[in-house]
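This report refers to the structure that appears directly beneath it.
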Amino acid sequence: MNVGVMAQQPKSTTPQLWRRGVGVLLALDFIVTLAILITDKNLQTDFGATHPYYLHWYVLLVTALVDIVGAPLVYLKSSRRLIGAAAGWSVFMALFQVADIATYKLVGFATPSQFAVYLFGLTHYNGALPYIPGLYDILLLLYVATAAVSAQTLKRSS
1 MNVGVMAQQP KSTTPQLWRR GVGVLLALDF IVTLAILITD KNLQTDFGAT HPYYLHWYVL
61 LVTALVDIVG APLVYLKSSR RLIGAAAGWS VFMALFQVAD IATYKLVGFA TPSQFAVYLF
121 GLTHYNGALP YIPGLYDILL LLYVATAAVS AQTLKRSS
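No gaps in the numbering here: position 111 of the sequence shown is 111 in the UniProt record's numbering, and each next residue is one more.
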């Protein structure tokens, strides 16, 4: 039996492929965020209470900019620090989206559950201005996936 051959088991995928996957996921995070910024009239106008653009819109714009700056950096540059930053950012953003429900009063909802249904419901919220239901769900899932792939990339590169 050749022990040297058994000791060198090839990895199923290379760390570079995983790293590029993180970059692609960050780009997808950006694309979905951009779709929300463009199509969600409630986000743009605080449900019709203000002229475009409302504070929450600008906050989401900043998150989109972080995603679009991070995507090519992670895709092109091999760095544990960048992958770690992508993982941390993605976990933060997933938690941030869920925590956003606590701002329900700022946007005119009577209860947190009403705002949660608007954000994460798959059908149009009655009385809301035009928006595409399900985009916030997709964004949340993408951030969770980005965090998971980032963690797996870190694990495989150590």
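We treat Cβ as the ideally placed atom computed from N, Cα and C, and that holds for glycine. From a predicted model like this one, the values you see are computed outputs, not experimental measurements.
When you compare each of L154, A128, W18 and L142 to residue 212 by their alpha carbons, which one comes out closest? Summary: the structure shown does not reach residue 212, with the chain confined to residues 1 through 158, and so no result is reported for it.
Contact defined as beta carbons within less than 8 angstroms: I believe residue 184 pairs with A86. What is the distance between those atoms, to the nearest angstrom? As displayed, the chain neither begins before 1 nor continues past 158, which places residue 184 out of reach and without an answer.
Mind checking Y58: buried by the 16 CB within 10 Å criterion, or exposed? Taking the sequence shown and counting its residues from 1, one reaches residue 58 at position 58. With fewer than 16 other Cβ atoms within 10 Å, it is exposed.
Is the Cβ-Cβ distance between T63 and Y53 less than 9 angstroms? Here residue 63 refers to the residue found at position 63 when the sequence shown is read from its first residue. Here residue 53 refers to the residue found at position 53 when the sequence shown is read from its first residue. No, the pair does not count as a contact, with Cβ atoms beyond the cut-off.
Would you be able to state if there are at least three C-beta pairs under 8 angstroms between the segment 64-73 and the segment 147-154? no
Taking the alpha carbon of I68 as the point to measure from, which residue in K105, Y136, R19 and L34 has its own alpha carbon closest? What you label residue 68 is simply residue 68 of the sequence shown in a count that begins at 1. If we check each option's Cα against that of I68, L34 comes out closest.
Could you give the DSSP three-state label for D46: helix, strand or coil? To locate residue 46, count along the sequence shown from 1; it is residue 46. Three-state DSSP puts D46 in coil, outside helix and strand.
Can you tell me which of the three DSSP states H56 falls into? Along the sequence shown, one-based indexing puts residue 56 at 56. Of the three classes helix, strand and coil, the one that applies to H56 here is helix, per DSSP.
Please classify V107 as buried or exposed, where buried requires at least 16 other C-beta atoms within 10 Å of its C-beta. Here the question's residue 107 lines up with position 107 in the sequence shown. By the 10 Å Cβ count, V107 comes out buried.
Excluding sequence positions up to five away, which residues of its chain have a Cβ less than 8 angstroms from the Cβ of Y118? Taking the sequence shown and counting its residues from 1, the one referred to as residue 118 is at position 118. Within the same chain, Y118 has close Cβ partners N42, F109, Y125 and A128.
Around the C-beta of A94, are 16 or more other C-beta atoms found within 10 angstroms, so that it is buried, or is it exposed? The residue you call residue 94 lines up with position 94 of the sequence shown. When all chains shown are included, A94 counts as buried.
Hey, would you say V22 sits closer than 9 angstroms to T146, going by beta carbons? Taking the sequence shown and counting its residues from 1, one reaches residue 22 at position 22. Taking the sequence shown and counting its residues from 1, one reaches residue 146 at position 146. Yes; because the gap between Cβ atoms is below 9 angstroms, this pair is in contact.
Taking the alpha-carbon positions, what's the L135 to I36 distance? What you label residue 135 is simply residue 135 of the sequence shown in a count that begins at 1. What you label residue 36 is simply residue 36 of the sequence shown in a count that begins at 1. Distance between the alpha carbons of L135 and I36: 7 angstroms.
In whole angstroms, what is the alpha-carbon distance linking H56 and K105? Position 56 of the sequence shown, counted from the start, is the residue given in the question as residue 56. Position 105 of the sequence shown, counted from the start, is the residue given in the question as residue 105. A direct Cα-to-Cα measurement between H56 and K105 gives close to 13 angstroms.
R81 versus V66 - alpha carbon distance: Here residue 81 corresponds to residue number 81 of the sequence shown, with the count starting at 1. Here residue 66 corresponds to residue number 66 of the sequence shown, with the count starting at 1. Looking at the two C-alpha atoms, the distance is approximately 16 angstroms.
Quick check: is any heavy atom of the ligand ATP less than 8 angstroms from the C-beta of S157? Annotation note on the ligand ATP: not contained in the displayed structure, which lists no ligands.
Looking only at its chain, what residues have a beta carbon closer than 6 angstroms to the beta carbon of I101, apart from the 5 residues adjacent to it on each side? If you number the sequence shown from 1, residue 101 lands on position 101. So the list reads P112, F115 and A116, once near-sequence residues are dropped.
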